[in-house]
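J.: Read in order, the letters of the sequence shown correspond to residues 117 to 192 in the working numbering. Here a beta-carbon is modelled for each residue, glycine too, at the ideal position from N, C-alpha and C. Since this is a predicted model, take the numbers as computed values, not measurements.
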Amino acid sequence: MKLFAVTGTNGKTTVTWMLRQILQHAGRSCGLIGTLGNYLGEEVLPTVNTTPGAAVLEDLLQRMKEQRIGSCALEA
């Protein structure tokens, strides 16, 4: 899985959403972990913080791997 971590003060949500859309339009699967939720394929899980703790992050990435999602855009 390719992980794209976006950092900074402003624009993380916009950049991760744009990246996910670009990859999906190119025919690639892409999950998203961020402010507006955690997107694992068609499944949307609510989020508490922009970036989850290590245990939750590991679980989300493992679930994406199990679903054969090839990349993930992460607000870090």
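With DSSP run on the structure shown, which of helix, strand or coil describes E158?
T.: Reduced to three states, the DSSP call for E158 is coil.
J.: Tell me the DSSP secondary structure of I77 in three-state form.
T.: Lying outside 117 to 192, the shown extent of the chain, residue 77 is not represented and no answer is given.
J.: Exposed or buried, N154, counting other C-beta atoms within 10 Å across all chains shown (16 or more means buried)?
T.: Buried, because 16 or more other Cβ atoms sit within 10 Å of the Cβ of N154.
J.: Could you tell me the alpha carbon to alpha carbon distance between A171 and M180, rounded to whole angstroms?
T.: Each residue's Cα considered, the two are about 14 Å apart.
J.: If I measure Cβ to Cβ from Q183 and keep anything under 7 Å in the same chain, skipping five residues before and after, which residues do I get?
T.: Contacts found: L156 and G157.
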